[in-house]
Amino acid sequence: MALKLLACLFMLIDHAGYYFYDLIPTPLYISMRSIGRLAFPMFAWMVARGIHKTRNPFFYFLRLAGFSVVAEALFRGLDLCPTLPVYPTNVLITFSLSVVLVSGYQLATRSGLDVIASLRPIAPTNNTLPTPPRFDVRINLGGIRLDSRLGLMIGLLMIFLAITITAWLKSAPCFVPDYDFYGLAAVLLFFIIQERCEEKNRFKRSLQFFLLLNLLFVCTRILADGLADAVGWMIQILSVAAIPVIFSPLRDRRPGRAAKYFFYLFYPLHVLALALLRLRRNVN
Numbered sequence: 003m004a005l006k007l008l009a010c011l012f013m014l015i016d017h018a019g020y021y022f023y024d025l026i027p028t029p030l031y032i033s034m035r036s037i038g039r040l041a042f043p044m045f046a047w048m049v050a051r052g053i054h055k056t057r058n059p060f061f062y063f064l065r066l067a068g069f070s071v072v073a074e075a076l077f078r079g080l081d082l083c084p085t086l087p088v089y090p091t092n093v094l095i096t097f098s099l100s101v102v103l104v105s106g107y108q109l110a111t112r113s114g115l116d117v118i119a120s121l122r123p124i125a126p127t128n129n130t131l132p133t134p135p136r137f138d139v140r141i142n143l144g145g146i147r148l149d150s151r152l153g154l155m156i157g158l159l160m161i162f163l164a165i166t167i168t169a170w171l172k173s174a175p176c177f178v179p180d181y182d183f184y185g186l187a188a189v190l191l192f193f194i195i196q197e198r199c200e201e202k203n204r205f206k207r208s209l210q211f212f213l214l215l216n217l218l219f220v221c222t223r224i225l226a227d228g229l230a231d232a233v234g235w236m237i238q239i240l241s242v243a244a245i246p247v248i249f250s251p252l253r254d255r256r257p258g259r260a261a262k263y264f265f266y267l268f269y270p271l272h273v274l275a276l277a278l279l280r281l282r283r284n285v286n
């Protein structure tokens with residue numbers, strides 16, 4: 003719970019800087035936005051862990067998607083006020099699509115990982131009965147009971163859908179995913195690290211590959227948008243500082259039911275609170 007609370011605090015600082023940018027000194031604004039860069043990778047790590055731990059990814063997706071719709075309805079309602087700078091993106095959309103992407107990755111890579119386990123009952127007493135027969139049992143390591151070719155096809159289709167929907171929503175009037183492709187890649191990266199790397203190597207691998215992802219992201223944005231907002235994109239590199247925090251003693255072990263739903267409620271409600279404070283300031 004401590005890690006989630008800290009991530010929420012970073013997000014609150016970031017969004018406070020966004021809503022009150024013209025009322026605070028520029029150095030303070032840059033500092034608040036820089037601190038806010040730590041929030042997303044922390045949430046992305048927790049979502050990746052949630053996908054890894056959940057018994058039913060479909061229900062996990064429905065929970066994220068349901069709360070994303072609630073948050074989006076609130077955001078668009080606030081958007082009706084012309085003097086209010088409503089945050090234009092929705093990170094719950096990103097996390098919902100990341101569940102689709104990672105689930106597709108799992109289907110594409112795990113559906114063919116079947117092995118044969120040999121089981122042999124233990125004789126009641128030694129040397130009194132013939133050796134019991136051996137039973138061969140088919141076991142699926144990924145927990146996905148599909149033909150490997152069908153699993154590969156469905157998995158690739160889900161990956162394609164997650165990427166295509168993200169690309170389409172980037173220019174849509176609503177349900178715009180925060181961090182778009184970078185966000186999807188971050189969750190997938192953290193999921194693969196949690197799945198493939200031993201505990202002792204996860205910190206190093208997370209630091210290396212997340213830094214690489216951020217460098218790729220910054221270079222891509224500069225090539226696409228030019229140097230006009232290069233400083234803004236360079237601030238994104240600071241998100242790498244979230245990795246030591248993720249692996250600190252604050253790391254959550256097994257969150258309770260209340261902790262699971264805390265972020266889903268905090269996310270839209272803190273935006274509402276900041277928006278109302280800003281609206282009150284505009285009126286006065």
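Each residue of the sequence shown is one higher than the one before, counting from 3 in this note's numbering. For each residue, glycine too, the CB sits at the ideal point set by N, CA and C.
Asked	Found
Ranges of the alpha helix (DSSP H) found wholly within the region 186-247, counting only runs of at least 4	201-227 and 232-236
C-alpha gap between Leu76 and Lys172, whole angstroms	19 Å
Backbone secondary structure at Pro179 - three-state DSSP	strand
Between the CA atoms of Leu278 and Phe162 - distance to the nearest angstrom	39 Å
Check whether Val102 and Ile53 have beta carbons under 8 Å apart	no
CB contact below 8 Å: Gly228 versus chain B	Judged by its chain identifiers, the structure shown contains no chain B, having just a single protein chain.
Separation of Leu99 from Ala164, as counted between CA atoms	6 Å
Cβ separation of Leu66 and Leu94, assumed to be a contact under 8 Å, to the nearest whole Å	6 Å
Proximity of Gly79 and Ser113 at Cβ, strictly below 8 Å	no
Under the three-state DSSP convention, the category Asn58 falls into	coil
Inter-stretch contact at 8 Å, needing at least 3 Cβ pairs: the region 207-222 / the region 11-22	no
Whole-angstrom distance between Phe268 and Gly68, CA atom to CA atom	15 Å
Residue burial classification, Thr222 (beta-carbon count within 10 angstroms, cutoff 16)	exposed
Opening and closing residue of the alpha helix (DSSP H) in which Leu86 lies	First-last for Leu86: undefined, no H or E at that position.
Alpha-carbon to alpha-carbon, Ser150 and Val273	44 Å
Integer-rounded CB distance, given that Tyr181 should sit under 8 Å from Thr96	6 Å
Residues bridged to Asn284 (per DSSP)	Beta-bridge pairing links Asn284 to no other residue.
Burial state of Leu82, where buried means 16 or more other Cβ atoms lie within 10 Å	exposed
Exposure label - Leu143; buried when at least 16 CB within 10 Å	Residue placement at Leu143 is poorly supported in this model, since its pLDDT is 44, which falls under 50; the coordinates are not used for a value here.
Member of Gly106, Thr56, Gly19 and Ser33 whose CA lies at the smallest distance from the CA of Pro87	Gly19
Contacting residues, own chain, Cβ-Cβ under 6 Å from Gly185 (five flanking each side not counted)	Thr96
Status (buried if at least 16 other CB within 10 Å, exposed otherwise) for Gly38	buried
Alpha carbon of Leu271 to alpha carbon of Pro90, nearest angstrom	15 Å
For Lys206 and Val247, the rounded distance between their alpha carbons	13 Å
First through last residue of the alpha helix (DSSP H) which encompasses Phe162	Ser150 to Lys172
Whole-angstrom distance between Met34 and Met236, CA atom to CA atom	15 Å
Through-space distance from Thr111 to Val117, alpha-carbon basis	Model confidence at Val117 stands at a pLDDT of 47, short of 50, so the residue's coordinates are unreliable and nothing is read from them.
C-beta atoms of Pro179 and Thr166 nearer than 8 Å	no
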